[in-house]
Amino acid sequence: MGRMTGTFNRQVYDVVRRIPRGTVATYGQVAALAGRPRAARFVGFALHANPEPGVIPCHRVVFRDGSLAPGFAFGGPDEQRRLLEAEGVAFVPPDDGSENAGAGGWRVDLDRCQWRA
DNA sequence: ACTATGACCACAC
DNA sequence: TGTGTGGCCATAG
Numbered sequence: 629m630g631r632m633t634g635t636f637n638r639q640v641y642d643v644v645r646r647i648p649r650g651t652v653a654t655y656g657q658v659a660a661l662a663g664r665p666r667a668a669r670f671v672g673f674a675l676h677a678n679p680e681p682g683v684i685p686c687h688r689v690v691f692r693d694g695s696l697a698p699g700f701a702f703g704g705p706d707e708q709r710r711l712l713e714a715e716g717v718a719f720v721p722p723d724d725g726s727e728n729a730g731a732g733g734w735r736v737d738l739d740r741c742q743w744r745a
């Protein structure tokens, strides 16, 4: 395994690894903890290049809004939501009042489950 | 060696 | 209140 990760990515993975079970962190939050408050965008790419699936809990990283990533790599947003619910993460229905949506409408209750460093 | 692009978020107008 | 744009890491072609 050659060095395929730069300093920033390693910082990101290290932060994500420290997210406690049953809690979630936002991309911006991870970016800030990694030392790049304005690099939330690159956190997404860093996690997409997840070198150790199953080891790095990238499913605990969500949008600032609490919504999940549209193209989750482990089997779709529905799988990510399943993993989070299994850990006891609380979800809230869409503001619209329409709960027919799958994982797209439901969002994580950041008020209660966001990780605080 | 250079260009293009990708799981986002905060701010200006 | 809504829309547009900048930020700036790493990888592939």
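629 is the number of the first residue of the first sequence in my numbering; add one for each residue after it. Every residue, glycine too, gets a C-beta built ideally from N, C-alpha and C.
| query | result |
| --- | --- |
| For P681, the three-state DSSP class (helix, strand or coil) | strand |
| N-terminal and C-terminal residue of the alpha helix (DSSP H) that T651 is part of | Careful: T651 lies outside any alpha helix (DSSP H) and carries neither H nor E. |
| Inter-residue spacing [alpha-carbon to alpha-carbon] between C686 and E707 | 12 Å |
| Beta-carbon gap between V690 and L675 smaller than 8 Å | no |
| Cα-Cα separation between G634 and A677, rounded to whole angstroms | 12 Å |
| Option in Q639, D642, N637, P648 with minimal Cα separation from E715 | P648 |
| Closest by C-alpha distance to R744, when choosing among F670, A660, F673 | A660 |
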